[in-house]
Amino acid sequence: MYGTRTQDGVIPARDIHARYEDVTVRHGARVDEIGDEFAQRLAAADTEAAERARLAAEAQAQAKLAAEQAEQAPEAKPTWERRQRPTVLSFGAEDETPAAAAPQPVVPPPPPPVAPPPAPEPPRRPVRSRVHSFGPVDDEDLSAQRWMR
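Under this note's numbering, think of the first position of the sequence shown as 5, with each following residue one higher.
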């Protein structure tokens with residue numbers, strides 16, 4: 005591509021230098037291309053940010069104008085009317101007006117019926133133990149033991 009090798013397989017220095025220059029130029033062109041793309045994206049982002057800032061400023065100005073107009077506008081009178089009650093002065097004549105009926109006392113529920121006492125159990129007969137014990141005898145009365153006689 006950039007020349008041929010010599011008889012002994014060595015590439016001449018001018019070919020190496022030409023190859024280096026070519027790579028350097030291609031690299032510089034790619035870096036410039038990336039820089040241009042970045043500049044375009046940055047310009048687009050700046051344009052969008054400026055548009056958002058303009059819209060926000062307009063919205064803020066409209067909100068401020070609306071708040072000022074609301075402060076200057078006279079307060080609307082309510083459409084409802086206050087309920088009128090007759091004024092009554094009482095000087096000890098409370099018994100002329102009927103008093104409210106006393107609440108009826110709550111009747112407690114009747115107590116539950118009393119259950120009859122349980123029937124006594126019949127006495128049980130003594131039962132021999134089902135387990136044989138070969139341990140020491142705890143009874144003090146050893147007269148029933150045959151081996152003691």
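Each residue gets a CB set at the ideal place from its N, CA and C atoms; glycine is no exception. The structure presented is a predicted model; accordingly, all values stated were derived computationally and were not measured.
- In the three-state reduction of the DSSP assignment, Gln88 falls in the coil class, being assigned neither a helical nor a strand state.
- Here Val118 carries a coil assignment [DSSP, helix/strand/coil].
- Within the same chain, and ignoring the five residues on either side of Ala106 in sequence, no residue has its Cβ closer than 8 Å to its Cβ.
- Scanning Lys68, Thr83 and Pro82 for the CA closest to the CA of Gln76 turns up Lys68.
- In the structure shown, Leu93 falls within a coil segment according to DSSP collapsed to helix, strand and coil.
- In the structure shown, Arg34 adopts helical secondary structure according to DSSP, grouped into three states.
- Taken through DSSP and simplified to helix, strand or coil, Phe42 comes out as helix.
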